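So the sequences go chain by chain: Y and S. The first sequence begins at 11 in my numbering and counts up by one. The second sequence begins at 11 in my numbering and counts up by one. A virtual CB, placed ideally from N, CA and C, is assigned to each residue, including glycine. Small disclaimer: the values here were computed from a predicted structure and weren't measured. Report on the structure given below.
Number of protein chains: 2
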Amino acid sequence: MKNETIILGHGSGGKLSHDLIDKYFLPHLKNSILENLDDSAVFDLNDSLLAFTTDSYVVEPIFFPGGDIGKLAVCGTVNDLCMSGAEPLYLSCGFIIEEGFSFDDLEKIVISIKQSADESNVKVIAGDTKVVAKRSADKLFINTSGIGFLRKDYKISGSSAVVGDKVILSGYIGDHGIAVMSERHGLSFETKIKSDCAPLNNIVRNILNEGLGVHVLRDPTRGGLAAVLNEIARQSCVTVYINEDKIPVREEVMGACEIMGLDPLYIANEGKFVAFAAPEDADKTLEIIRSCKYGESAQIIGEVKEKSKGKVILKTSIGGERIVDMPSGLLLPRIC
Amino acid sequence: MKNETIILGHGSGGKLSHDLIDKYFLPHLKNSILENLDDSAVFDLNDSLLAFTTDSYVVEPIFFPGGDIGKLAVCGTVNDLCMSGAEPLYLSCGFIIEEGFSFDDLEKIVISIKQSADESNVKVIAGDTKVVAKRSADKLFINTSGIGFLRKDYKISGSSAVVGDKVILSGYIGDHGIAVMSERHGLSFETKIKSDCAPLNNIVRNILNEGLGVHVLRDPTRGGLAAVLNEIARQSCVTVYINEDKIPVREEVMGACEIMGLDPLYIANEGKFVAFAAPEDADKTLEIIRSCKYGESAQIIGEVKEKSKGKVILKTSIGGERIVDMPSGLLLPRIC
Numbered sequence: 011m012k013n014e015t016i017i018l019g020h021g022s023g024g025k026l027s028h029d030l031i032d033k034y035f036l037p038h039l040k041n042s043i044l045e046n047l048d049d050s051a052v053f054d055l056n057d058s059l060l061a062f063t064t065d066s067y068v069v070e071p072i073f074f075p076g077g078d079i080g081k082l083a084v085c086g087t088v089n090d091l092c093m094s095g096a097e098p099l100y101l102s103c104g105f106i107i108e109e110g111f112s113f114d115d116l117e118k119i120v121i122s123i124k125q126s127a128d129e130s131n132v133k134v135i136a137g138d139t140k141v142v143a144k145r146s147a148d149k150l151f152i153n154t155s156g157i158g159f160l161r162k163d164y165k166i167s168g169s170s171a172v173v174g175d176k177v178i179l180s181g182y183i184g185d186h187g188i189a190v191m192s193e194r195h196g197l198s199f200e201t202k203i204k205s206d207c208a209p210l211n212n213i214v215r216n217i218l219n220e221g222l223g224v225h226v227l228r229d230p231t232r233g234g235l236a237a238v239l240n241e242i243a244r245q246s247c248v249t250v251y252i253n254e255d256k257i258p259v260r261e262e263v264m265g266a267c268e269i270m271g272l273d274p275l276y277i278a279n280e281g282k283f284v285a286f287a288a289p290e291d292a293d294k295t296l297e298i299i300r301s302c303k304y305g306e307s308a309q310i311i312g313e314v315k316e317k318s319k320g321k322v323i324l325k326t327s328i329g330g331e332r333i334v335d336m337p338s339g340l341l342l343p344r345i346c
Numbered sequence: 011m012k013n014e015t016i017i018l019g020h021g022s023g024g025k026l027s028h029d030l031i032d033k034y035f036l037p038h039l040k041n042s043i044l045e046n047l048d049d050s051a052v053f054d055l056n057d058s059l060l061a062f063t064t065d066s067y068v069v070e071p072i073f074f075p076g077g078d079i080g081k082l083a084v085c086g087t088v089n090d091l092c093m094s095g096a097e098p099l100y101l102s103c104g105f106i107i108e109e110g111f112s113f114d115d116l117e118k119i120v121i122s123i124k125q126s127a128d129e130s131n132v133k134v135i136a137g138d139t140k141v142v143a144k145r146s147a148d149k150l151f152i153n154t155s156g157i158g159f160l161r162k163d164y165k166i167s168g169s170s171a172v173v174g175d176k177v178i179l180s181g182y183i184g185d186h187g188i189a190v191m192s193e194r195h196g197l198s199f200e201t202k203i204k205s206d207c208a209p210l211n212n213i214v215r216n217i218l219n220e221g222l223g224v225h226v227l228r229d230p231t232r233g234g235l236a237a238v239l240n241e242i243a244r245q246s247c248v249t250v251y252i253n254e255d256k257i258p259v260r261e262e263v264m265g266a267c268e269i270m271g272l273d274p275l276y277i278a279n280e281g282k283f284v285a286f287a288a289p290e291d292a293d294k295t296l297e298i299i300r301s302c303k304y305g306e307s308a309q310i311i312g313e314v315k316e317k318s319k320g321k322v323i324l325k326t327s328i329g330g331e332r333i334v335d336m337p338s339g340l341l342l343p344r345i346c
């Protein structure tokens, strides 16, 4: 049945989001840069390669364990830039504020933006502020767009995975989604789960500076690891095999998922990435990631085995195999 | 009295907006590029000068006579880029959609984005879509960020006005604000007032290609002509004199303003700009603007007479003089 109106699932990062893009955006706006559908758009300007990306942040609540909407807005856009292999340079921040929002909270968030920008070594150089009436927005939305500088010796793209590539995951999955959801619903677990929200450009720079054979980088935000692996498998026309045993999931995240009937593969992350590396360079890439802040728990979780229309297969802990689908609709609204 | 929370006036483009920026954003985020506070941020990359800008559009209603939020989002950002003297190249579009929004309206707006991008000769190369629950946003907000390429033979900035400069206004003021307000309140006038929403980069390109002595370009959107002239006067530390008789205002806009007790100097425009030109080049600049689409009704409306702390003085039709203040709070919420 055709949906007549937009539903929450269209913002999920899963199948409905892709349908929306395919049916309503691409047919009208398609051009040779936009159609790549990578985390950043890449274009050439006066013989320099630049990356450009945009993201609106509507996370609810705006303060959560391990971060807030300001930190998220900077890290999310920094990560989208570096996932295309770019060195993030400049950000813009557009604020849409609900009337009645407190100055104290606004200042906390601006300070958080500043701290995350400093850690990521980027500058906020352009801004905009709009205010709308009560109930015309929910507290605060932030759009950050970003510009990065691309080295020419790499072509990192979701369509560059090849048979033989090892799939490296930079650490524990599910922390961000479970942290936000716990805060939202007032759930408490024995150990407080914190969002993993963090900038990843330092790790990426270290990998690329070594000249290692890395073909794809992508951060599993909305839709989780399942969504990004499916995207990459489809863009590159390959089958990706992953081993459940190798995927780092914290005990408390697994516990929360079990209670709520969720699969950690589909939970959003904000400080993790997957790298598809040539087999001969995989161990060295893993070593570099593990040597960096935010990459200490990295693992090789799988590999690309054959050409296909794009499929992700999970080898389960008990030895079976199952297809990991693209999430269709909505797991957690307003997770980022 | 200090406001404890954000009020609608903080998004007005007037004094409260400037206070918000000065008190909460600049102290934390200040850097040598951001602090210029021009319509676009300008930075150097590999010996190319680039302009970068961002704007969120929250106009209500999203369809109005002469345009819609999609056309506005493209033209507004194209105009911010060219007001810094840049040739607009690439845009991003970030959509925040309220659950229940219709696909038909979304498609109309995407088509409008495409048409305006084509007319402006820019490409949308990056996008993002978020969906929030009913009453967490009002229908649709769009953020567009943009990148443009700057020629090095010009330094266009709000701080570049000098004594002697002539002030050129590219056409009738107040059309956008009155069109949106009439639509919102169901007012009807004998002649339908249409928004002037239009891309201005073609006019600007023609001026700069002639190598004319133009020092400032700015488009009077939120806060109207009064706000931008005050901004320029303050940034350049000069007094700007304008003649009421020379300022083009349509009869029906003047009539609507009289009925509603508004001053057209404070009403938003979306397809107009002011140029501060050296006296010897003013007539030629005027001639070029008038020869272009969207500039046919341009006028020289005043001049810069002396150094000061920044002041705008209006010579009225009856021969008097009055200070034109920066608007303080809010005239029309959600006008762009």
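Chain S contact for residue i (CB, 8 Å cutoff)
i	result
residue 11 (chain Y)	In this predicted model, residue 11 (chain Y) has a pLDDT of only 41, less than 50, meaning its place in the structure is not dependable enough to derive any value.
residue 311 (chain Y)	no
residue 27 (chain Y)	yes
residue 296 (chain Y)	no
residue 78 (chain Y)	no
residue 116 (chain Y)	yes
residue 120 (chain Y)	yes
residue 110 (chain Y)	yes
residue 129 (chain Y)	no
residue 16 (chain Y)	yes
residue 304 (chain Y)	no
residue 276 (chain Y)	no
residue 44 (chain Y)	yes
Test: residue i CB closer than 8 Å to a CB of chain Y
i	result
residue 124 (chain S)	yes
residue 161 (chain S)	no
residue 106 (chain S)	yes
residue 38 (chain S)	yes
residue 20 (chain S)	yes
residue 51 (chain S)	yes
residue 338 (chain S)	no
residue 56 (chain S)	yes
residue 153 (chain S)	yes
residue 164 (chain S)	no
residue 41 (chain S)	yes
residue 326 (chain S)	no
residue 30 (chain S)	yes
residue 102 (chain S)	yes
residue 343 (chain S)	yes
residue 178 (chain S)	no
residue 157 (chain S)	yes
Beta-carbon spacing of residue i, residue j below 8 Å
i	j	result
residue 314 (chain S)	residue 224 (chain S)	no
residue 156 (chain S)	residue 197 (chain S)	no
residue 68 (chain Y)	residue 199 (chain Y)	no
Presumed contact (8 Å Cβ cut-off) between residue i and residue j, rounded CB distance
i	j	result
residue 80 (chain Y)	residue 119 (chain Y)	4 Å
residue 134 (chain S)	residue 143 (chain S)	Not confirmed; about 27 Å, so no contact.
residue 159 (chain S)	residue 55 (chain Y)	7 Å
residue 154 (chain S)	residue 207 (chain S)	Not confirmed; about 13 Å, so no contact.
Outcome for residue i when other beta-carbon atoms lying within 10 angstroms are tallied against a minimum of 16
i	result
residue 139 (chain S)	buried
residue 195 (chain S)	exposed
residue 66 (chain Y)	buried
residue 343 (chain S)	buried
residue 50 (chain Y)	buried
residue 282 (chain Y)	buried
residue 260 (chain Y)	buried
residue 64 (chain Y)	buried
residue 274 (chain S)	buried
residue 244 (chain S)	buried
beta-carbon residue i near the ligand ATP non-hydrogen atom, thresh 7 Å
i	result
residue 209 (chain S)	Although the ligand ATP was asked about, the structure shown includes no ligands whatsoever.
>> By the 8 Å beta-carbon criterion, what residues does the segment 133 to 149 of chain S contribute toward chain Y?
In response: 133, 134, 135, 136, 137, 138, 139, 140, 141, 142, 143, 145, 146, 147, 148
>> By the 8 Å beta-carbon criterion, what residues does the segment 217 to 230 of chain Y contribute toward chain S?
In response: none
> In chain order, what residues of the segment 65 to 94 of chain Y put their CB closer than 7 Å to some CB of chain S?
Replying inline: 65, 66, 68
> Any residues in the segment 243 to 264 of chain S with a beta carbon nearer than 8 Å to a beta carbon of chain Y? Which ones, in chain order?
Replying inline: none
> What are the residues of the segment 180 to 208 of chain S that lie near chain Y, defined by any Cβ-Cβ distance shorter than 7 Å?
Replying inline: none
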